[in-house]
Amino acid sequence: PDNQILRLEVNMDKTQYLVIGREGRDLNINGNVIKNVDEYNYLGCTITSDGRDEKDIMNKVTKGKSIVSQLNSILWNLNIRKDIKRRIYESIIESTVTYGAEVWTITQKLKKRIETVENSYWRRCCRLTLEDRIPYFPRDPIFIHSSHVTISL
């Protein structure tokens with residue numbers, strides 16, 4: 001009905017807020033305390049009070065490495081075609097690691113951290129270990145070399 005007032009109920013025990021760029025403090029509203037936090041996870045992205053992206057990027061890199069480890073048996077399987085492995089990379093690994101990347105400020109150090117996930121994936125696809133030497137090549141197309149294997153993906 002038009003004359004009915006709708007009320008929004010907020011769970012004050014779960015409510016938090018984040019101040020970016022300066023010091024925040026807990027708020028007291030009608031006897032309820034709203035806690036100030038230094039970082040907040042919103043839609044899978046970590047937002048920090050200093051406004052920097054390192055924490056979010058490193059969380060995504062950790063997730064990517066975990067997924068690569070879970071896919072190990074698939075990646076080492078020679079019966080799975082290269083094009084299928086490429087699609088797995090693009091749809092699962094790359095999308096996980098780069099989620100939210102549109103707003104990141106990338107440094108060389110962070111770029112290398114992100115690339116380690118990709119390198120780990122392709123190394124496993126080519127059945128190479130960390131002992132095999134793989135020099136850096138431009139990303140597309142990806143070339144992986146070792147002393148006994150040359151594979152073009």
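Numbering (UniProt numbering), first residue to last: 1 to 153. We treat Cβ as the ideally placed atom computed from N, Cα and C, and that holds for glycine. Only a predicted model underlies this, so the values are computations on that prediction, with no experimental measurement involved.
Taking C-beta separations shorter than 6 Å and ignoring five residues to either side along the sequence, the partners of Val68 in its chain run Ser120, Tyr121, following chain order.
Three or more pairs of CB atoms, one per stretch, sit closer than 8 Å, so the segment 47–55 contacts the segment 103–118. Per DSSP, the continuous alpha helix (DSSP H) segment holding Thr62 begins and ends at 54–70. For Cys45, the pairing in a beta bridge is given by DSSP as Tyr42. Shown here for Val10: not one same chain residue has a beta carbon closer than 6 Å to its own, the five before and five after excluded.
Secondary structure at Val33: strand, using DSSP grouped into helix, strand and coil.
Taking C-beta atoms as the reference points, Asn59 and Thr46 count as a pair closer than 7 Å. Counting of Cβ neighbours within 10 angstroms places Ile93 among the buried residues, the total reaching 16 or more. Boundaries around Tyr121 are those of the alpha helix (DSSP H), 108–125, since no beta strand (DSSP E) includes it. For Leu27, the pairing in a beta bridge is given by DSSP as Ile34. If you look at Ile88, you'll find it in the alpha helix (DSSP H) that goes 82–88.
Residue environment: Leu128 is assigned as buried (16 or more neighbouring CB atoms within 10 Å of its CB, all protein chains considered).
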